Amino acid sequence: MADAKFFTKGKVQELREELAAADKRDTKHTKKRIVLKKIVANMTMGNDMSPLFADVVAVMQAPMLEVKKMAYLYIVSYARSKPDLAKLTISAFERDLVDPNPLIRALALRTMGYMQVDKLIEALANALQKCLADKDAYVAKTAAISVIKLYTYDRDLAQRTGLIDKLRSLLNNENSMVVANAVAALSEIAEKTPDFDMRMDFTLSSKLLTAMNECSEWGQVYILESLLYFVPQEHGDAEVVAERVMPRLQHANSAVVLSAIRVVLYMTNYILKDDIVNSFFKRIGSPLVTLLHNGPEVQYVALRNIQLILQRKPDFLKNDIKVFFCKYNDPVYVKIAKLEIMFRLVTDDNIEQVLPELKEYATEIDVDFVRKSIRAIGKCAIKIESAADRCVTTLVDLIKTKVNYVVQESIVVIKDIFRRYPNKYEGIITTLCENLDSLDESEAKASMIWIIGHYSDRIENADELLSHFSDSFKDETSNVQLSLLTAVVKLFIKRPTKGQELLPKILKWSTEDVDNPDLRDRGFIYWRLLSTDPVAAKVIVFGDNPPITSEMENLPSQTLEELFLHISTLASIYHKTPQMFIGGLRQKKVEPSAAFVFVTSQPMADTWMAMFCKLKVVSIKNHLTF
Amino acid sequence: MLSGFFIFNAKGEVLISRLYRNDIKRSLSDLFRIQVVSSTDVRSPITQISGSTAFFHIKHENIYLVAVSKLNVNSAIVFEFLGRVALIGQSYFGRFDEAAVKANFTLVYELMDEICDFGFPQITEPEALKMYITTEGVKSEKAVLEMGKQIAIQATGAVSWRRPDIKYRKNEAFIDVVESVNLLMSSKGNILRADVSGQVIMRAYLSGMPECKFGLNDRVAVEGGEHLGRIVPPTISSNKKGGSSTVDLDDAQFHQCVKLSGFEESRTITFVPPDGEFELMRYRSTNNVYLPFRVNAIVDEFADANHVNYKISVRSLYDAKTYGQNVVIRVPTPPSTNATKIKVTGGKAKYVGSENAIVWKIARFQGGQEYVITCQAQQGESNSKKPWSRPPISMDFQVVMFTSSGLVVRFMKIFEKSNYQSVKWVRYLTKAGTYQISFLPPLQI
């Protein structure tokens, strides 16, 4: 069938005539089928076919499933723009809803739900009363989803007609697919409705877990996701549920695996013994790593989630660092995600393997990836003292490549290395100074200027260099200006004769010629400081900097806590709580209960401490050291 | 859940557009075209637009399969679903590309209506779908009307991936164990990293509702021990060749049809297979990797004389009864190489300028053999002499009847109520993943 020919723009009037002509002497309905294909093709191409609504309604009763389905597709697409005409379809749907064939009944029900028009929604509510109780699982599973369609359109109607209670009772249906769809529908309602009580007890959870064994993979995901509405009242219950979910980690579908991990992590909030919690963490490690053998998209989802878990359990996967080494043909988003994980896992023991990898990445094509790799080398130097020498040598080698962005990024990280290890690597300053002309990014410039200023007593021509930078002072970004101001002050303090020419110029520009209040204020402070008490100025300007730490920016523990409830979702990819990018959602929380063991965040812990005096304080201390 | 599904061609034209929810409009597809299809720099498979809208896309053949969501949707489910759409498309049309979508667009719409309802993935087993959504509309029409009830029961049942009425005159099952082995070895023969990822692919041509029981030489199943997924202490395999050796799996994942609770409890793999070909399991192993080839490389760089000398020997470590095929060894040469001298004891080798390498091909490599290449790469005089990064020597190969993990299929039992005889065939193949021999002195950084 070469239906591609239908993808040509058709005129509404011609199609109408063709359809009218096709209705005559079309016993096998083949002519209607062809005209409908043309119409659907035109819809796909974005041509407005809505004027044909009445004509299509006229043929939707043809007793040929293919014609019917195309007519339905058409009607669904245009019902909202033709609400009056849409009403005309009700009788046809009602006829199908009593068809002996369950596939026809379900099709009618499913299609009605998509037609978000007042009259049809009322008809849908009526139909659902019956269909939710349909003995045929195929119809019942369709009815379960139809309840959310109704609910999305008219919440009151769904509640008033008691359909939500009926939906709830489907959780006891003997067919697993019906159960799974009912669970999915209820979960979505719960997510959108603040006062909807979805909490499940242990008995219901167990029942769902049993049903899960017979479910399709998608059904397994729906059930696993719903288990977050189970609030264990006893530590043992949480352990049982987590243990029963464990076999899902061997499923081929990554959504099943990740949803199971979400349940396990959630349950650890209610498990008292540390060694049990730790053993669960160990057991989710391997399946997570295995997800890296999927396509790059699934790998990306897995990697972003691994990043989250590592923030809570830094030693998690510490023996698996090699699997996070980048392959040359990984897409760049996978590489960048792996890079962060490599950095989090790097230790004294494996730095020997990691550093050559990073060096290789720093010579790849993608600029962003290269920069991040260089940054990682710098951070390794800061994190692992014993490897600092080798990291610095690597960076110097990279600077010698003279690739513009490589040089600039290296200088930015070297500044931090200087701060971390004072008086150790100043020997390389000469190499850095060879590359001044290639600096055109503000962060690199600011870093280089900081280095020159800070070591102005060792750099013979520091005054020339700074004066060179200050030529374009007024065109620089504010961070470069601030850095330059401070550097010149440092130069003046260390070598007054060298700096005395430049200093007044810079102070004048900063305080008079630039609009930036930060710069102006800082200029005035230096000016007055130097003119009133030069000794104090020295102490202040060369005061101890706060120590540089190597830690990656970790999310606030409360955010992290919440993201654990959203493993595998968009929130876990963005590393943002859902409320930050979607409005009107109910915030997911770990509900307190008698079995609750709190884990990280102190403010939350305080609140709950007050509520539950019975909590074991011992375990708190252990957990807080993460 | 999903608000809509689109298929785009490589130019960004919409081939299929199915909206499941009213919170998006069809015109949203323009945004995807602009942000992803026409963009040369796509940095994520997920494209966030105006806060709550997210596009998920995968590329398949020459088309984009795209899902849109406005909720905090489970991203893994979306990508798995898109992958499944591609699989269903292949199962229906052979190839699932722009031509196939255009030629069958109404059928694709029909499928999209069936496999996803209001954005919730539903029945996606091709076998189940083919019972009532077919390319020959008219013929199946009657069958659908008559058998509607039965189909509905089957499609929503616990074994939705298999029709009950399958019949074969000859009952056969083919099992292919396919492994790819990754290696990074230093020039002195130290293994820096080695791991295996494998698949067990089954082609089942079996009648009725057969229950299969599949057994491996899995260490935990054979000797008992800790559960999979727990950290397994490294063991020293003393016996490489003996039949009693076992495989240590780091992790395994199974097809939908496998009863997972059975595996967790007793390491038994039982299932009712789908008809035809499917991936039964996927696994990883990092302990006791049996390398098919050992490579010794002596590389001497004479900077003054502008040439590099190589002496590289490759030895096959597998049994002499089996053999490797399509063995290719790539020996990197300096960037400005203009002349080479090559001598080999087997196979054919030549310098390929576009790859900056000497490519040595050995069509058939018997077990227990050794071949040697001695060669020299002469560098041309050039003013701007770039430093040579010395990329590793890499290998490509396929070795039949050999597994790098040591995995062996111990049994495949098939039970069916009619008690028929069935024939089972097992094949093994090990391929090269990234199989590299570095000749950098280690840690010269």
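Protein sequence lines correspond, in order, to chains A and B.
So for the first sequence, the numbering used here puts the first residue at 1230; every next one is plus one.
So for the second sequence, the numbering used here puts the first residue at 68; every next one is plus one.
The C-beta atom is built at its ideal place from N, Cα and C for all residues, glycine as well.
As the structure is a computational prediction, the values presented were derived from the model and not from experiment.
Closest Cα partner of B/Met348 within the set B/Ala364, B/Tyr357 and B/Phe338:
B/Phe338
Express the C-alpha separation of B/Lys234 and B/Glu194 in angstroms, rounding to a whole number.
14 angstroms
Classify A/Tyr1382 as helix, strand or coil using the three-state DSSP reduction.
helix
Kindly confirm or deny that the segment 1387-1397 of chain A and the segment 249-269 of chain B touch, where touching means at least three C-beta pairs closer than 8 angstroms.
Taking 8 angstroms as the limit for Cβ pairs, the verdict is that the segment 249-269 of chain B does not touch the segment 1387-1397 of chain A.
Output the distance between the C-alpha atoms of A/Met1272 and A/Thr1318, rounded to the nearest integer angstrom.
20 angstroms
Leaving out five residues on either side along the sequence, give the residues of the same chain with a beta carbon under 8 angstroms from the beta carbon of A/Val1485.
Glu1446, Gln1449, Val1450, Leu1453 and Arg1477
Between the Cα of A/Ala1414 and the Cα atoms of A/Ile1613, A/Asn1404, A/Asp1252 and A/Met1427, which residue gives the shortest distance?
A/Met1427
Using the beta-carbon count (16 or more within 10 Å), is A/His1795 buried or exposed?
buried
Is A/Asn1498 buried or exposed, if buried means 16 or more other CB atoms sit within 10 Å of its CB?
The residue is buried, with at least 16 neighbouring Cβ atoms inside 10 Å.
Apart from the five residues on each side of it in sequence, which residues of its chain come closer than 6 angstroms, Cβ to Cβ, to B/Val205?
Summary for B/Val205: the model assigns pLDDT 41, below 50, so the residue's position carries little reliability; its value from the coordinates is reported in the next sentence. Nothing meets the Cβ criterion.
Span separating the alpha-carbon of B/Met68 from that of B/Lys137
8 angstroms
Taking the alpha-carbon of B/Lys237 as reference, which of B/Gly275, B/Glu332 and B/Ser227 has the nearest alpha-carbon?
B/Gly275
Closest residue to A/Leu1314 among A/Val1285, A/Val1492 and A/Pro1585 (Cα-Cα distance):
A/Val1285
For A/Leu1720, three-class secondary structure by DSSP
helix
Whether B/Pro399 touches B/Ile481 by CB criterion (8 angstroms):
No; because the gap between Cβ atoms is not below 8 angstroms, this pair is not in contact.
Out of curiosity, what's the CA-to-CA distance linking A/Asn1745 and A/Val1717?
Note on geometry: alpha-carbon atoms of A/Asn1745 and A/Val1717 lie some 18 angstroms from one another.
Taking only beta-carbon positions, decide if A/Glu1526 is within less than 8 angstroms of chain B.
yes
So, using beta-carbon positions, are A/Asp1232 and B/Asn171 closer together than 8 angstroms?
yes
From B/Gly265 to B/Glu278, what does the alpha carbon distance come to, in whole angstroms?
Going by the C-alpha atoms only, they are around 24 angstroms apart.
Can you pull the chain A neighbours of B/Lys169, defined as C-beta to C-beta under 8 angstroms?
Asp1232, Ala1233 and Phe1236
Of all the alpha helix (DSSP H) runs that stay within the bounds of the segment 1332-1391 of chain A, which reach a length of 4 or more residues?
1347-1360, 1366-1382 and 1384-1389
Beta carbons nearer than 9 angstroms to chain B: which residues of the segment 1357-1379 of chain A have them?
Asp1365, Ala1366, Tyr1367, Val1368, Ala1369, Lys1370, Thr1371, Ile1374, Ser1375, Ile1377 and Lys1378
Just the C-alpha distance for A/Pro1560 and A/Phe1554, rounded to the nearest angstrom, thanks.
13 angstroms
Using three-state DSSP, classify B/Phe148 as helix, strand or coil.
helix
If I measure Cβ to Cβ from B/Tyr272 and keep anything under 6 angstroms in the same chain, skipping five residues before and after, which residues do I get?
If you ignore the 5 residues before and after B/Tyr272, its C-beta comes within less than 6 angstroms of the C-beta of Tyr235 and Glu239, all in its own chain and listed in chain order.
Would you be able to state if there are at least three C-beta pairs under 8 angstroms between the segment 122-134 of chain B and the segment 1499-1508 of chain A?
no
Please decide whether B/Gln157 counts as near chain A, where near means a Cβ-Cβ distance under 8 angstroms.
no
So for B/Tyr495, helix, strand or coil by DSSP?
strand
Beta carbons nearer than 7 angstroms to chain A: which residues of the segment 313-331 of chain B have them?
Asp317, Asp318, Ala319, Gln320, Phe321, His322, Gln323, Leu327, Ser328, Phe330 and Glu331
To the nearest angstrom, report how far apart A/Thr1778 and A/Glu1672 are at their CA atoms.
Near 19 angstroms, if we compare the C-alpha coordinates of A/Glu1672 and A/Thr1778.
How would you call A/Asp1742, buried or exposed, if buried means at least 16 neighbouring beta carbons within 10 angstroms?
exposed
Identity of the residue in B/Arg397, B/Ser84 and B/Asn355 nearest B/Val426 by Cα
B/Arg397
I need the straight-line Cα distance from A/Glu1670 to B/His374, nearest angstrom please.
So the alpha carbons of these two residues sit roughly 41 angstroms apart.
Counting C-beta neighbours from all protein chains within 10 Å, is the total for A/Gly1404 16 or more, i.e. buried, or is it exposed?
Here residue 1404 of chain A turns out to be Asn, not Gly, going by the sequence shown. By the neighbour-count rule (16 or more Cβ atoms within 10 Å), A/Asn1404 is buried.
Residues near A/Phe1810 in its chain [Cβ-Cβ closer than 7 angstroms; skip 5 each side]:
Tyr1803
Rank A/Arg1309, A/Asp1762, A/Val1460 and A/Asn1523 by C-alpha distance to the C-alpha of A/Ile1500 and give the top, closest one.
Ranking A/Arg1309, A/Asp1762, A/Val1460 and A/Asn1523 by CA distance to the CA of A/Ile1500 puts A/Val1460 first.
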